[in-house]
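Inspection log for the structure reproduced underneath, given as structure tokens.
In structure tokens, the structure reads:
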């Protein structure tokens with residue numbers, strides 16, 4: 026499935042998923058930044 030809803034992205038991150046497929050990369054990045062899940066190299 027493709028996850029494009031930020032609320033669903035956050036829910037999945039909170040569940041500890043290993044990956045999220047999305048068409049909205051900037052939205053996912055922002056959700057991950059807010060969730061302290063974004064780890065840039």
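In this note's numbering, the protein residues as written are 26 to 66.
Virtual Cβ for every residue (Gly too), placed ideally from N, Cα, C.
**Report entry** Boundaries of the alpha helix (DSSP H) in which residue 29 is found, first to last residue
**Finding:** That residue, residue 29, is in no alpha helix (DSSP H); it is neither H nor E in DSSP.
Report task. Report the rounded CA-to-CA distance for residue 30 versus residue 63, giving the unit in angstroms. Result -> 17 Å
Report task. Closer than 8 Å by C-beta to residue 38: which residues in its own chain qualify, once you throw out the five before and the five after it? Chain order, please. Result -> 45, 56, 57, 60 and 62
Report task. Identify whether residue 46 lies in helix, strand or coil by the three-state DSSP scheme. Result -> coil
**Report entry** C-alpha distance - residue 54 paired with residue 36, whole-angstrom precision
**Finding:** 14 Å
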